[in-house]
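Down below is the structure, laid out as structure tokens.
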Amino acid sequence: MQRRSFLKYALAGAGAVSVSALTGCGLVNPGGASAAGDGKTIKIIVTESAPYQEPTKIAQKLLAAKGWTLEPTYVTDIIQPNLAVANGEFDANFFQHNAYLRQFNQDKGLENVGLFYVYSAPGGIWSDKYKSLAELPDGAKIGIPVDPANNGRALFMLRDAGLLELSEATVIHTSQKNITANPKKLQFVEVDQQSLAKTLPDVDAGFLVARMAADAKHTRADALAFESDADQVPFRIVVAGRKDFAGSEKASALREAFQSPEVKAWFASYQNGILPTPWDQDPAADITKL
108 MQRRSFLKYA LAGAGAVSVS ALTGCGLVNP GGASAAGDGK TIKIIVTESA PYQEPTKIAQ
168 KLLAAKGWTL EPTYVTDIIQ PNLAVANGEF DANFFQHNAY LRQFNQDKGL ENVGLFYVYS
228 APGGIWSDKY KSLAELPDGA KIGIPVDPAN NGRALFMLRD AGLLELSEAT VIHTSQKNIT
288 ANPKKLQFVE VDQQSLAKTL PDVDAGFLVA RMAADAKHTR ADALAFESDA DQVPFRIVVA
348 GRKDFAGSEK ASALREAFQS PEVKAWFASY QNGILPTPWD QDPAADITKL
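Heads up: take any position in the sequence shown, counting from 1, add 107, and you land on my numbering.
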């Protein structure tokens, strides 16, 4: 199938609201940047999902105890949060991994930076029909993400399992074009990432982000393959902001709240701790290697 642009597919798959609707909600400012949080107020735009909302609620309480006001705005859109930060309407956003941030900056000419990590979003290959990759029949249909930043993740795991050969490339620059050998004649069905769990019953196996796999009642233990630690690096979830916000008192307060023992405890309890918290790693350093 013809592959469309990353951002077009990402927007369609996230159930994103329209730009005009966001303008009405104050998330897009056609007349230029308005002030983000002033004084002791921090404005953050966050996606609507438990691993984002719950840590934000915890951080909000911790910041309040120290005299800060954290004002979150929850959205399902994954296009406007970076634009809203870049134009100054929000101090920071919390919705994306480092690979997406890099791609969006490149496509839109922005300079938003990852301030710190909150959690890692590893992925794996699961099946409702088979218990191992070895059981996959010739010509098996494999569901994989359509967007370029995630498209190669399943292909890397299949390569590591000996089912494919790929030309040399990093995981975020790999697609079906990099397949040099496919002895089982696996067929790849490219699907928006948000819909992969729904299409799993219709394919022989499919890629899922661990959080979505858990929502579909799968665990790491029943994965046919799971990403290596090294391959997970581009998909660590960041809180991002403008360059002039990085290093500020607000950014430091935000990091302390999101990387608190209380937030770590929440992730440890969420879906059996399936989401790691790589807080000792630097997203700014990692993004230069993507």
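Even glycine gets a Cβ: it sits at the ideal position worked out from N, Cα and C. Note that the structure is predicted; figures quoted are calculated from it, not measured.
Residue environment, residue i, which counts as buried when at least 16 other CB atoms sit within 10 Å
i, result
"Asp-387", "exposed"
"Ala-433", "The requested residue 433 does not occur in the structure, where the chain is confined to residues 108 to 397."
"Gln-210", "buried"
"Glu-369", "exposed"
"Gln-339", "buried"
"Pro-158", "buried"
"Ser-227", "buried"
"Glu-334", "buried"
"Lys-150", "buried"
"Ala-391", "exposed"
Among the options, nearest to residue i - alpha-carbon criterion
i, options, result
"Pro-162", "Ile-186, Asp-145, Leu-271, Phe-202", "Phe-202"
"Thr-154", "Thr-183, Ala-193, Val-345", "Thr-183"
"Pro-255", "Asp-267, Thr-281, Ile-249", "Thr-281"
"Asp-145", "Ala-191, Ser-156, Phe-197, Trp-233", "Phe-197"
"Val-316", "Asn-205, His-325, Pro-308", "His-325"
"Ala-268", "Leu-240, Leu-307, Ile-249", "Leu-240"
Between the CA atoms of residue j and residue i - distance to the nearest angstrom
i, j, result
"Gln-187", "Gln-300", "19 Å"
"Lys-215", "Tyr-207", "12 Å"
"Phe-314", "Pro-229", "11 Å"
"Thr-148", "Leu-177", "6 Å"
"Ala-347", "Leu-331", "33 Å"
"Asp-393", "Asp-336", "13 Å"
"Ala-414", "Arg-343", "This structure cannot speak to residue 414, because the chain is shown only from 108 to 397."
"Ala-320", "Leu-382", "12 Å"
"Gly-139", "Gln-160", "For Gly-139, the pLDDT reaches just 39, beneath the cut-off of 50, and the residue's location in the model is therefore unreliable, leaving the point undetermined."
"Ser-355", "Ala-199", "12 Å"
"Leu-262", "Glu-297", "12 Å"
"Ile-185", "Ile-232", "24 Å"
"Arg-327", "Val-345", "23 Å"
"Ala-358", "Ser-376", "26 Å"
"Thr-277", "Gly-250", "20 Å"
Same chain, Cβ closer than 8 Å to residue i, five either side skipped, listed in chain order
i, result
"Gly-380", "Phe-374"
"Gly-174", "Lys-147"
Beta-carbon contacts of residue i that lie in its chain and below 7 Å, excluding the five residues immediately before and after
i, result
"Lys-168", "none"
"Ser-274", "Asn-285, Thr-287"
"Arg-362", "Leu-222, Phe-223"
"Ile-279", "Ala-206, Ala-256, Gly-259, Pro-341, Leu-397"
"Lys-371", "Thr-384"
Same chain, Cβ closer than 6 Å to residue i, five either side skipped, listed in chain order
i, result
"Asp-245", "Lys-291, Lys-292"
"Ala-247", "Leu-293, Asp-311"
"Glu-272", "Thr-287, Ala-288"
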